[in-house]
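If you read the protein sequences in the order shown, they are chains F and R. Everything in the first sequence is counted per the working numbering, starting at 81 for the first residue and increasing by one. Everything in the second sequence is counted per the working numbering, starting at 209 for the first residue and increasing by one. Backbone N, C-alpha and C fix where the C-beta goes; we use that ideal spot for every residue, glycine too. Treat the numbers as computed from the prediction; the structure is a model and nothing was measured. Reading through the structure tokens given below for one structure.
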Amino acid sequence: MTAGQKHERSVPDLVAGATLPALTKTVTQENINRYAEASGDHNPIHVDEDYARRTPLGGTIAHGMLVLAYASQAMAAAFGRDWLVSGRLDIRFRTPARPGDSLTVTGTVRGVDRADDGDDVTCDLLCSNQAGETVLSGLAEVKVRH
Amino acid sequence: MTVRRPLVFSQLEAGFEFPKTSYRVDASATTAYLAAVDEPDSLYREDGLVPPMAIVARAMAALSAAITFPDGTIHVSQSVQFLGLLSTEDTLIGRARVDRVQRRGRLHLVSIELSADRDDGQPVLRARTDFILPQDGETE
Chain F
81 MTAGQKHERS VPDLVAGATL PALTKTVTQE NINRYAEASG DHNPIHVDED YARRTPLGGT
141 IAHGMLVLAY ASQAMAAAFG RDWLVSGRLD IRFRTPARPG DSLTVTGTVR GVDRADDGDD
201 VTCDLLCSNQ AGETVLSGLA EVKVRH
Chain R
209 MTVRRPLVFS QLEAGFEFPK TSYRVDASAT TAYLAAVDEP DSLYREDGLV PPMAIVARAM
269 AALSAAITFP DGTIHVSQSV QFLGLLSTED TLIGRARVDR VQRRGRLHLV SIELSADRDD
329 GQPVLRARTD FILPQDGETE
């Protein structure tokens, strides 16, 4: 398999300030339960509503890695296979995501370094909930092959 | 059969290496993962590729099975770097190492480095995960 065989991407102008297509997801307990099954992370704070209600969080929360998967999905939608072979994420979790939350991942190109073998693109990433609270934030980098 | 009990976090020291693991993220697991994260399979299906975040999830699951974290543990930050494509036919070798253990007041900060390589040696993933744990919250 050759890295970068396909170059689907949906950001037409790779320049600082360009915005990536936004991705919106609604978190449900069903999604969280499915993620627990798929990932093997059955921590009760995610899947046991009775347990979670008795904690300071007051209810279940989504796995941080589920929210991070949405961020990665936004980058994959924007940069296609280049993201799969050269993507890099560096984020901080800010606020838990809860069932019923509507999360929107947005990205803005911070900079582009041109090179012979491709463009090194750095993006600011943000995932916010319906109240405008930041759920995660950080940087994403990808090499876009020519 | 020997049953390995999970470590408690207070046993962790910088430099500690977890036992190496070997696993596959096959087509069925990939389908389940994509359904869980509500992601279209168009980028993956044709060539039988594994979403890289599915590998991260699997690596984190192996870590969770190896350590008992106390109530109140917070996953504060995460970095991941994708280094190569992975097919649903490939076998991965996963490694994890404690990079840093710090005390800050009543809290511990634990940083763990994760890696996944194909069994032919090709690097696939590097990751780093940071947890904050309550000092008095040990569960065992």
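Check	Outcome
Cα-Cα separation, R/D328 to F/D130	45 Å
Contact list for the stretch 143-160 of chain F against chain R, Cβ threshold 8 Å	G144, M145, L146, L148, A149, Y150, S152, Q153, A156, G160
Neighbour-count burial assignment, R/E225, 16 or more Cβ in a 10 Å radius	exposed
Proximity to F/D121 [Cα-Cα], best of R/A265, R/I320, R/L333, R/A335	R/A265
R/A222 burial status per 10 Å Cβ neighbour count (16 or more: buried)	exposed
Residues of the stretch 162-177 of chain F with Cβ closer than 9 Å to any Cβ of chain R, in chain order	W163, L164, V165, S166, G167, R168, L169, D170, I171, R172, F173
Identity of the residue in F/R225, F/P179, F/R178, F/F173 nearest F/A195 by Cα	F/R225
Three-way DSSP call (helix, strand, coil) for F/V224 in this model	strand
Interface residues of the stretch 239-258 of chain R facing chain F [CB-CB below 8 Å]	A240, Y241, A243, A244, V245, D246, E247, L251, D255, L257
Which of helix, strand or coil DSSP assigns to R/S250	coil
Option nearest F/V95 by Cα separation, candidates F/C203, F/G160, F/L164	F/C203
F/G138 beta carbon near the ligand HEM (any heavy atom closer than 7 Å)	The ligand HEM is not part of this structure, which contains no ligands at all.
Nearest-angstrom beta carbon gap, F/P101 and F/A151 [assumed within contact, 8 Å]	The Cβ separation is near 13 Å, so there is no contact.
Chain-ordered neighbours of F/E117 on chain R, where CB pairs are closer than 8 Å	A240, A244
Test: F/K105 CB closer than 8 Å to a CB of chain R	yes
Cβ-based contacts, 8 Å cut-off: residues of the stretch 307-341 of chain R near chain F	none
Assigned secondary structure, F/V165 (DSSP; H/G/I helix, E/B strand, else coil)	helix
R/H316 in three-state terms, based on DSSP	strand
Inter-stretch contact (C-beta, 8 Å, three-pair minimum) for the stretch 283-290 of chain R and the stretch 306-316 of chain R	no
CA-to-CA distance, F/V201 to R/E346, given in whole angstroms	For R/E346, the pLDDT reaches just 46, beneath the cut-off of 50, and the residue's location in the model is therefore unreliable, leaving the point undetermined.
Rounded C-alpha distance that separates F/Q109 from F/S166	32 Å
Validate contact between the stretch 249-260 of chain R and the stretch 289-297 of chain R using beta carbons, cut 8 Å, 3 pairs	yes
Segment contact, 8 Å Cβ cut-off, at least three pairs: the stretch 170-177 of chain F with the stretch 138-154 of chain F	yes
Where R/Q286 meets chain F, residues with beta-carbon distance less than 9 Å	G144, M145, L148, L169, D170, I171, R172, F173, L216, G218
Buried or exposed (CB count within 10 angstroms, at least 16 for buried), R/K228	exposed
Counterpart residues of R/E282 in DSSP-defined beta bridges	It should be noted that the sequence gives Ile, not Glu, for residue 282 of chain R. In the DSSP output, where bridge partners are listed per residue, R/I282 has R/I340.
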